[in-house]
Each structure stands twice: as structure tokens, then as C-alpha cells.
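Everything below concerns the one structure shown next.
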Amino acid sequence: METPVQIVIFGASGDLTARKLVPALAGLARKQEPPGGFVLVGVARRHLSDGEFRQDLRAAQPPEGLDDFDGFAPRIHYVSGDVRSPEDLRRLGARLDALPGGAAAGRLFYCSLKPDLFEPAVSGLAQAGMLEQSTPDSPWRRVVVEKPFGRDLASARALNQLLQGCLREEQVYRIDHYLGKETVQNLFAFRFNNTIFEPVWNRRHVELVQITVAESGGVESGRAAYYDASGAMSDVLQNHMLQILALVAMEPPSSLDPEEVRGQKVSALKGLRFRSSPDQSVRARYQAGEAEGKRVPGYLEEGVPADSTTETFVAIRAEIENWRWSGVPFLLRHGKRLKHRFTEVKVQFRVPPIQLADHVAGEDFLALPDGTVCTLRPNVLTLSIQPREALSLSFSVKSPGGGMVMVPAHLDFDYRDRFGESTTPAYERLLLDAILGDPTLFLRADEVEAAWRFTDAVRASWAGPEAPPLLEYAPGGWGPPEADALFHGCEGGWSRG
Ligand SMILES: NC(=O)c1ccc[n+]([C@@H]2O[C@H](COP(=O)([O-])OP(=O)(O)OC[C@H]3O[C@@H](n4cnc5c(N)ncnc54)[C@H](OP(=O)(O)O)[C@@H]3O)[C@@H](O)[C@H]2O)c1
Numbered sequence: 001m002e003t004p005v006q007i008v009i010f011g012a013s014g015d016l017t018a019r020k021l022v023p024a025l026a027g028l029a030r031k032q033e034p035p036g037g038f039v040l041v042g043v044a045r046r047h048l049s050d051g052e053f054r055q056d057l058r059a060a061q062p063p064e065g066l067d068d069f070d071g072f073a074p075r076i077h078y079v080s081g082d083v084r085s086p087e088d089l090r091r092l093g094a095r096l097d098a099l100p101g102g103a104a105a106g107r108l109f110y111c112s113l114k115p116d117l118f119e120p121a122v123s124g125l126a127q128a129g130m131l132e133q134s135t136p137d138s139p140w141r142r143v144v145v146e147k148p149f150g151r152d153l154a155s156a157r158a159l160n161q162l163l164q165g166c167l168r169e170e171q172v173y174r175i176d177h178y179l180g181k182e183t184v185q186n187l188f189a190f191r192f193n194n195t196i197f198e199p200v201w202n203r204r205h206v207e208l209v210q211i212t213v214a215e216s217g218g219v220e221s222g223r224a225a226y227y228d229a230s231g232a233m234s235d236v237l238q239n240h241m242l243q244i245l246a247l248v249a250m251e252p253p254s255s256l257d258p259e260e261v262r263g264q265k266v267s268a269l270k271g272l273r274f275r276s277s278p279d280q281s282v283r284a285r286y287q288a289g290e291a292e293g294k295r296v297p298g299y300l301e302e303g304v305p306a307d308s309t310t311e312t313f314v315a316i317r318a319e320i321e322n323w324r325w326s327g328v329p330f331l332l333r334h335g336k337r338l339k340h341r342f343t344e345v346k347v348q349f350r351v352p353p354i355q356l357a358d359h360v361a362g363e364d365f366l367a368l369p370d371g372t373v374c375t376l377r378p379n380v381l382t383l384s385i386q387p388r389e390a391l392s393l394s395f396s397v398k399s400p401g402g403g404m405v406m407v408p409a410h411l412d413f414d415y416r417d418r419f420g421e422s423t424t425p426a427y428e429r430l431l432l433d434a435i436l437g438d439p440t441l442f443l444r445a446d447e448v449e450a451a452w453r454f455t456d457a458v459r460a461s462w463a464g465p466e467a468p469p470l471l472e473y474a475p476g477g478w479g480p481p482e483a484d485a486l487f488h489g490c491e492g493g494w495s496r497g
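At the far end of the sequence shown sits residue 497, using the numbering used here, and the numbering has no gaps.
Following this line, the structure appears as C-alpha cells:
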């Protein structure tokens, strides 16, 4: 018989545990139980019995999740403790030894804690001898670290050094839940399992790539202090968006070996460049106004300091300096309180070298204010990540009738049409991978550092003498119009989702 796995969540009375981690584990317990099964031990400082902890978690589940939860509940346990207390960690160790699997169980320690507690939690576990995995036959010990992983390159490096002092790299699972999304994994799968796109996936054929993560909501209640310390760039662009970019831009790995895959992503991120100039980025924050039919507060009314300079919108024009991508702009945009929520990648291909069509004004060409006439780009591959999970390829077809009049057309694929409503929730997939010891969809130390190196360069330009101003934008639109200027000449504009 296989030994059960023990999953310990630090920060077990928090929002992430109730909303994401417990539903994911309950879903796994029903659908894809790993060999031997697993138990969950929640840890937080407040005093709760196992029964009270289960009740609190149950109250936080949506009605459709209750069946899974009730099936899983008997395996949920609770230990009251402070991760900074050696005595509390010792008690936790004794409790784990007494649970199914005991000391022979593989153990996954999930740090669902405020970032300043990652370090005391991991060093406390190491000092208590709870992370030792001395021989290949010893029961495994792994640590999952939530985002944000550092605040900048220096702090991410310091955290990496701390982790590497306590654990081997293969024991560390730095999570970015975007990588658990089917549509994000499909960026990789689609590119490297089809032959028709890869030959044109380069600077000769691609004119530009744009990536958008648009949110319609503002700062979530209770998160103002956290958000104000990070802003749009550190909260979303540095992690989710650069992970998407890495999957779009990476070279094909020679196998699915985790180090092969992650190594290629790191190479792409290391090539990413920001030209430090005020016309390469736009930062802004939302004002009060009307959005989704109701009055919404401005960012400065969300409970942040009155002198806050944190951005809720960021747009950047970047490049990747390597043979595949040199000269191709990568335009990245993320903002809160935008018109609607969507995450999407658009790969825009170059126009044919000569035009053999009779153009129709407003349909397939566009006049710029300076009089330049641009042909619209007929070939765009759109990879929709959320809420739509879809692929769409646009092209031109001849309009019936005389002459050679071209009109736009699309080939569309929607995940829901093909596979139904339910794709596996991101945390479910990632927790299973962490239990099974597959780190492919988790970030390596050098990967996080490469991403911070890029965003630090942007932030440095915002702190310098030529910093772009912090603009304001009305809620319910597409952010400040100045972001449109990141597109040059006939390159087009930002997607509206
Ligand atoms: N919430 C999300 O949607 C989300 C999304 C992505 C990433 N994350 C990340 O996930 C982590 C957790 O977020 P969250 O929203 O769940 O935070 P949260 O709601 O503030 O929960 C934090 C938890 O930590 C516990 N805690 C605080 N100090 C402790 C200590 N010294 N020892 C043991 N437990 C302690 C708290 O309970 P006690 O006060 O009882 O100890 C609470 O259960 C953060 O790093 C966050 O950035 C969250």
C-alpha cells in the first residue's frame, strides 16, 4: 500500500486557503486522488478545533462545491500555531507523525502566508529538521511558496538564497497560478505540437505581439495595503504576464523534462529588454466615476495613503534580443477598472509584401492623422486565456462580386464548444503536480530573478529624471489614451477583447 501524503497549509484560516486551496484539494480527492491519498493539516495562530476549522471552511464554499467538500472534510485537521515559534513547529511535527502516513509520509508545506512570513516559516521548518530529505529513499519534503516572490530583484535573490540554504532547488515549488490554467499551458502545447505556426513564429513573419490582462474590478476589499505596496506591475505584469510572454517567445525544448522546459523560458526572459525612455511605458491610476452601471471610488479612496503613487495601469513596449525576436515589439498592458475583464495574446503577422487588392476605405485600410495610409493586418492569431478560452485566426477573403475586394474572416476554436464547461481549476492541477513531484509548471529561481530584472529596469526609469508621469484614467474604459502611442505607425492598437 502507498503511504498517504500530508499537506500542511500555513495561513490556513486565510482567504486563499478557503477560496482556492481547499476546493482544489477537495476536487482532487474526488477526481484524481494520488496513490495512497492525502490528508490536510491547516496551521494558523487562532485557536480552532478540527471541527471548527472544517465548519469555517465549509461556510466559505460555494453551493456547487459542498459535495466535494463534505467528501473531503474528514481528512482535514488543524493545528493552532505561529510559524515563528519553534515550539509550535515541534507540536506540528508531533501531530503529523501521529496522522496517517506518520513520519514516512511525503510532506508538502504550502506557505499561504504574507510574504514576510515565508522566510521565518521555511527557516523554522529547516531548524526543526522537518525539511530533511537526506537520501533518495527518504520520504520527500517539498515547500510551495506563494506570490509575491520578492518585491524586486534584490529581495527575490535574498529569498532564493534563504530557500537554497534550507532546501535543494528541486524541493522548492514557486507557484504562479496562471501556469495551472489550461489555456496558458496550451500556449506551449499549441506551438510545439503543430507544425504550421512554428516556421512563421519569428521576426521575419511576426510584426508584433501584444499581451493584455484587463480587469474590470478595482482593488479588492481588504487588499489595499498589499496592493499599494506592489501596484499593477508587481502584482500582475512581473509574474502572470511575463510567464505568458515566456511561453509565447521561448525556443522549443528538446523534451518535456522540467529543466529543459524551464531553461528555455528563462532564456527568453533573459533576452527581454526595456529601452529606458519615457515613451516606452505608461503608468496611471483610476479615478472615481461610473463603471458597470454604478458609481465606483477612485484609487485614492480605496484606503491607500493620500500621497500614494502606485499605478493601477501599466503598459510597456519591450523587445526580446535574440535571433528569433530581435526588432519585434512585445506590447504588454495590464490595468484595473477597465471596460471588461479579459486575458489575451495577439500575434500579429506582417502584411503581404505587395498589395493585389482593391481596397475598401474603413474596411481594410486605415488613414493615420499624418496622412499615412495603412493596410490593416489580415493575419492575427488571437489566443484568448480568460474568460473566453479560445483560439482565433483572422485572414482576408475575397468578397463575392467584381474586382478584388478583400474582407476579414476568422477561424475560431472555443474550448467550451469542444470540451464542455469544466477545465481543471488551476490550483487543482498545480497541487497535484507538487504532490507528484513535477516542477514543470512552477518557477525556477533564475526564472523569477530574470522577470524581476526586467520590471526593475522599468521601475528604475520611473524613478529617474525622465520618468513618465503618473496619469489618471476614467473607470470603465481602456485606460489612458497615452497608452495608444506605444504602437507606432501602422502597427495598429490595443485589443478590446
Ligand atoms: N487571496 C488570494 O486570492 C491570493 C492570490 C494569489 C496569491 N495570494 C498570496 O497567498 C498568500 C496568502 O494570502 P491570503 O489572501 O490567504 O492572506 P490572508 O487572508 O491574510 O491569510 C493569512 C493567514 O496567515 C495566518 N497567519 C498570519 N500570521 C501567522 C503566523 N505568524 N503563523 C501562522 N499563521 C499566520 C492568518 O491567520 P491567523 O491570524 O489566525 O494566524 C491567516 O490565516 C499571500 O502571500 C498572498 O499574496 C493570495
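For every residue, glycine included, the Cβ atom is placed at its ideal position computed from N, Cα and C.
Straight-line gap, residue i to residue j (C-alpha atoms, nearest Å)
i, j, result
"C374", "M406", "15 Å"
"D484", "A315", "9 Å"
"P468", "D412", "39 Å"
"C111", "Y286", "32 Å"
"L269", "E260", "15 Å"
"V448", "G403", "54 Å"
"D176", "V22", "17 Å"
"Q61", "T3", "29 Å"
"G165", "P136", "19 Å"
"V222", "V351", "For clarity, residue 222 is Gly in the given sequence; the question names Val instead. Going from the Cα of G222 to the Cα of V351 covers about 48 Å."
"F442", "S394", "33 Å"
"L356", "L391", "28 Å"
"L536", "E389", "The structure shown does not extend to residue 536, since the chain spans only 1 to 497, so no value can be given for it."
"K114", "D15", "11 Å"
"P74", "R46", "21 Å"
"Q386", "E344", "7 Å"
"I320", "P329", "8 Å"
"N194", "L272", "26 Å"
"L338", "P480", "10 Å"
"S276", "L48", "52 Å"
"G464", "W323", "31 Å"
"F72", "G51", "13 Å"
Residue i vs residue j beta-carbon contact at 8 Å
i, j, result
"W309", "L470", "In the sequence as displayed, the identity of residue 309 is Thr instead of Trp. Contact flag set, yes."
"A12", "F69", "no"
"V213", "H240", "yes"
"S495", "K346", "yes"
"L153", "R429", "no"
"V43", "G81", "yes"
"R203", "S326", "yes"
"R333", "E207", "no"
"F500", "F10", "For the chain, the structure presents residues 1 to 497; residue 500 sits outside this window and is missing."
"V236", "E302", "no"
"G37", "Y427", "no"
"G65", "A232", "no"
"R341", "E215", "yes"
"V172", "L163", "yes"
"E292", "G476", "yes"
"E132", "R141", "yes"
"L117", "L89", "no"
"G505", "V5", "Nothing about residue 505 can be read from this structure; the chain reaches only from 1 to 497."
"I244", "I211", "yes"
Nearest-angstrom Cβ-Cβ length linking residue i and residue j, presumed shorter than 8 Å
i, j, result
"V282", "G289", "Contact flag wrong, Cβ pair sits at about 19 Å."
"Q280", "G492", "So it is not a contact: roughly 18 Å between Cβ atoms."
"V144", "R95", "Not confirmed; about 20 Å, so no contact."
"E198", "R191", "6 Å"
"L432", "Q32", "6 Å"
"V83", "A121", "4 Å"
Contact test: residue i Cβ vs ligand 1 heavy atom, cutoff 7 Å
i, result
"V83", "yes"
"E146", "yes"
"T212", "no"
"F10", "yes"
"T17", "yes"
"G14", "yes"
"V236", "no"
"R45", "yes"
"L117", "yes"
"S221", "no"
"S49", "no"
"S138", "no"
"S112", "yes"
Going along the chain, which unbroken runs of the beta strand (DSSP E) with 3 or more residues stay wholly within the stretch 167–234? 172–174, 206–214
Which runs of the alpha helix (DSSP H), 4 residues or longer, sit entirely within the stretch 362–436? 415–419, 426–436
Completely contained beta strand (DSSP E) runs for the stretch 113–154, where each covers 3 or more residues: 141–145
My parser needs the alpha helix (DSSP H) runs of 4 or more residues fully inside the stretch 49–76; what are they? Note on the stretch 49–76: whole alpha helix (DSSP H) runs with a minimum of 4 residues are 50–59, 66–72, in chain order.
Output the residue ranges of the alpha helix (DSSP H) runs that lie fully inside the stretch 233–286 and measure 4 residues or longer, sorted by chain position. 242–249, 258–270
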